[in-house]
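There are 2 protein chains.
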Amino acid sequence: MKCRRCKAPAVIDIRRHNAAFCLDCFLHHCREQVRKAIHEYKMFSPEDRVLVAVSGGKDSLALWDLLVDLDYEVDGLYLGLGIGEYSTESGVHTRQFAAERGLKLHEVDLPSDHGFDIPGAAQVTRRSPCGACGLSKRHLFNSTALEHGYDVVATGHNLDDEAAVLLGNVLRWDTGYLGRQHPVLPATPGFVRKVKPLVRLGERETAAYCVLRGIDYQVEECPMAEGNRHLGYKEVLNALEDRSPGSKAAFLFGFIERGHERFAGDAEHERDELGACTVCGAPTPGDVCAFCRLRSQVGALQIEVR
Amino acid sequence: MKCRRCKAPAVIDIRRHNAAFCLDCFLHHCREQVRKAIHEYKMFSPEDRVLVAVSGGKDSLALWDLLVDLDYEVDGLYLGLGIGEYSTESGVHTRQFAAERGLKLHEVDLPSDHGFDIPGAAQVTRRSPCGACGLSKRHLFNSTALEHGYDVVATGHNLDDEAAVLLGNVLRWDTGYLGRQHPVLPATPGFVRKVKPLVRLGERETAAYCVLRGIDYQVEECPMAEGNRHLGYKEVLNALEDRSPGSKAAFLFGFIERGHERFAGDAEHERDELGACTVCGAPTPGDVCAFCRLRSQVGALQIEVR
């Protein structure tokens, strides 16, 4: 197996591209895919201040590394979720990555800054921990970016993540979610721009990138996500991809090119109906935003929520 | 396990409805689901002459039986595909069903009427036999219905079939196919109306219906379809359905309610560009329709096709 670019012995093959690469050309490939995504979807320019949401896992550390490498002005944000050993180690990996490279890292800690953790929230709400985790992340990534004047929040969602989310949205024909699923969510009143520069790289590629770049990441998957639907959708798509390489990318990019626009109106409609949370001021369809309602439910905020 | 309707001991449970039925109430359930589909999608009225495409398998024989039972005026059409023993047996089951009930059955035989069979077509075109089979069926169902003055062609596509086709169309975001995927395809110049009255019944239900009604159907699956994509999509959807009963129906009916209309324009656009086949007069985007081109390729028709 030879490198497609330089004909040296290859270290990795990527079936959907029908290509193999040596170490240097693979790193080049990853940078090019990210560069292409940023330009194709007009994610941000060198003048923009970018905040990367970093979990300490392969995707977000690869993303931070790649964006720094591409000369963007980019700081990190680590959110402590209070998920025992898993969170402790995630924090260690993230801080170590930032310190070794002299990069600026913001930290928000759910337990100490907001009075609850994800396992506790799941217990009190009697719902999936992934729900509480997702809404906390969305809220705090956005509010931290606004607070510190960043133009855009970048997350490490890769091709596999996005295809799995799309499959879930399509299986339910959730038209609002379909309208919002895009590599770029433009800024709207109260929301900074959100971008996903890894959308052209699979998770096998981001893992290989970290290994080959010597990035020490948190290998464990979140213990609370086990058996969730999202992972089931990933399995299904992996089975289809095995049978027919490239089908995952065709699914996601086919949607972006020929599907998304047809649902965009549904998402706009939802956005138009947002007011300001009476507690924190964040945009919300009700009086109190989902994050403040969660804080109230877990007893970390003393408000009357209907 | 007791029957939901009459509390007698149940013979079958249907997880997506969270229900079980005794024999009589299960047959009632099947009739109601078909009645509901016909009314909901305005498939046809008692005045319409309906032609059912019958393969001798569980779905099409159940459909014919159900439509007769619901007092519609409905004749059958059997298409001989020339797939060895499989086709021979399919024909026997179909003729026996019609004869026992005194129903009118039209027959078209690919080898004797059109000079080729599906295995031969697959060999000559070096493409999937399912492609040649599908296009022959679409062509001959329509031309036979037109020839004998039927208003509508009904096919035995069930919930599992339609969900699998939808998954394939969505994975490729094939917008023309998505625009055409609906339980009713209205008549357009050169095309009779096409309807799928079994769309609310799963294939486990149509099989049980035949068994409980004493209908002797062809149990073997087509030997040429083995390993095709459609069956892969069915497996994937079955895995999702096992995990979360009702997800297959939510996927299909969510599309019909909230997705289909957004793609309907793409299908109309394709229809607007059709002319008449210079050989047989059927609607086609080119000079010669796909069926006549296939006949020419297999040497059954002497024409110059570019």
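Residue numbers (this note's numbering), protein chains in the order written: chain A, 164 to 469; chain B, 164 to 469. Even for Gly, the Cβ is constructed at its ideal location relative to N, Cα and C.
Q) When you check each C-beta in the segment 322 to 353 of chain B against every C-beta of chain A, which residues fall closer than 7 Å? A) Val333, Leu334, Arg335, Trp336 and Thr338
**Q.** Own chain, CB closer than 7 Å to Ala380/B, minus 5 neighbours either side, in chain order
**A.** First, the residue type needs correcting, since residue 380/B is Tyr and not Ala in the sequence shown. Once the five neighbours on either side are set aside, the close Cβ partners of Tyr380/B are Gly219, Gly220, Lys221, Leu224, His256 and Cys373.
Q. In terms of residue numbering, what span does the alpha helix (DSSP H) encompassing Ala182/A cover?
A. Element bounds for Ala182/A: not the alpha helix (DSSP H) but the beta strand (DSSP E), Ala182 to Phe184.
Q.
As a quick exercise: from Val174/A, Asn181/A and Arg178/A, pick the residue whose alpha carbon is nearest that of Asp187/A.
A. Val174/A
Q: Write down every uninterrupted run of the alpha helix (DSSP H) in the segment 359 to 411 of chain B whose length is 4 residues or greater and which is fully enclosed by it, in chain order.
A: 366 to 376 and 392 to 406
Q) Along chain A, which residues have their Cβ under 7 Å away from the Cβ of Gly422/B? A) Trp336
Q) How would you write the range of the alpha helix (DSSP H) that Glu270/B sits in, first residue to last? A) That residue, Glu270/B, is in no alpha helix (DSSP H); its beta strand (DSSP E) goes Leu268 to Asp272.
**Q.** Inter-stretch contact (C-beta, 8 Å, three-pair minimum) for the segment 318 to 330 of chain B and the segment 276 to 292 of chain B
**A.** no
Q. What residues from chain B crowd round Leu233/A, counting only those whose CB sits closer than 9 Å?
A. Result: empty, since nearest Cβ-Cβ is about 30 Å, beyond 9 Å.
Q. When the Cβ atoms of the segment 428 to 443 of chain B are set against those of the segment 336 to 345 of chain B, are three or more pairs found closer than 8 Å?
A. yes
Q) Which residue's Cα is closest to the Cα of Trp336/A: Leu464/B, Tyr249/B and Val333/B? A) Val333/B
Q) Of the residues Arg264/B, Ser250/B and Pro282/B, which one's Cα is nearest the Cα of Val271/B? A) Ser250/B
Q: Compare the C-beta of Val362/A against all C-beta atoms of chain B and say whether one is closer than 8 Å.
A: no
Q) Which residues bound the alpha helix (DSSP H) around Leu224/B? A) Lys221 to Asp232
(Q) For a contact defined as C-beta to C-beta under 7 Å, what are the partners of Phe418/A on chain B? (A) Trp336
Q: Sort Arg289/B, Asn391/B, Asp450/B and Ile378/B by Cα distance to Leu190/B and report the nearest one.
A: Ile378/B
Q. What residue from Ala182/A, Gly438/A and Gly312/A has the CA that sits closest to Val237/A's CA?
A. Gly312/A
Q: Could you check the C-alpha separation between Asp234/B and Asn401/B for me, to the nearest Å?
A: 34 Å
Q: Going by CA-CA distance only, name the one from Gly438/B, Ser459/B, Val442/B and Phe454/B that's closest to Pro448/B.
A: Gly438/B
Q) Is the CB of Arg406/A under 8 Å away from at least one CB in chain B? A) yes
Q. In chain A, which residues lie less than 8 Å from Arg425/B when you measure between Cβ atoms?
A. Arg425 and Phe426
**Q.** 8 Å contact criterion, which Gly331/B and His393/B should meet: CB distance rounded
**A.** 7 Å
Q: Determine, using beta carbons only, whether Ser410/A comes closer than 8 Å to chain B.
A: yes
Q: In angstroms with no decimal places, state the Cα-to-Cα distance between Val316/B and Arg406/B.
A: 35 Å
(Q) Looking at the secondary structure, which residues open and close the alpha helix (DSSP H) in which Ala463/B lies? (A) No alpha helix (DSSP H) contains Ala463/B, which DSSP labels as neither H nor E.
Q) Going by the C-beta, is Glu248/B closer than 7 Å to any heavy atom of the ligand SAM? A) With respect to small molecules bound, the structure shown includes none, and the ligand SAM cannot be examined in it.
Q. In chain A, which residues lie less than 9 Å from Gly462/B when you measure between Cβ atoms?
A. Within chain A, no residue comes near Gly462/B; the closest Cβ sits about 32 Å away, beyond 9 Å.
Q | Rounded distance between the beta-carbons of Val217/A and Gly239/A, thought under 8 Å | A | 4 Å
Q: Starting from the beta carbon of Gly395/B, find every residue of chain A whose beta carbon is closer than 9 Å, and list them in chain order.
A: Ala402, Leu403, Arg406 and Ser407
(Q) Just checking: is the beta-carbon of Ala413/A within a distance shorter than 8 Å of some beta-carbon in chain B? (A) yes
Q | Opposing strand residues paired with Gly243/A [DSSP bridges] | A | Asp272/A
(Q) Quick test of your reading: Pro446/B and Arg178/B, contact by CB under 8 Å. State the CB separation rounded to the nearest angstrom. (A) Not really, about 42 Å apart at Cβ, beyond 8 Å.
Q. Of all Cβ atoms in chain B, is any one closer than 8 Å to the Cβ of Val287/A?
A. no
Q. Looking only at C-alpha atoms, which of Val287/A, Glu263/A, Thr338/A and Glu368/A sits nearest to Phe414/B?
A. Thr338/A
Q. Which bits of chain B does Val488/A rub up against, with CB to CB less than 7 Å?
A. The shown model of chain A, from 164 to 469, leaves out residue 488/A, and the question about it has no answer.
Q: Look at Arg307/A and Lys359/A and say whether their C-beta atoms are less than 8 Å apart.
A: According to the sequence shown, residue 307/A is Thr rather than Arg. Cβ distance not < 8 Å, so Thr307/A and Lys359/A don't count as in contact.
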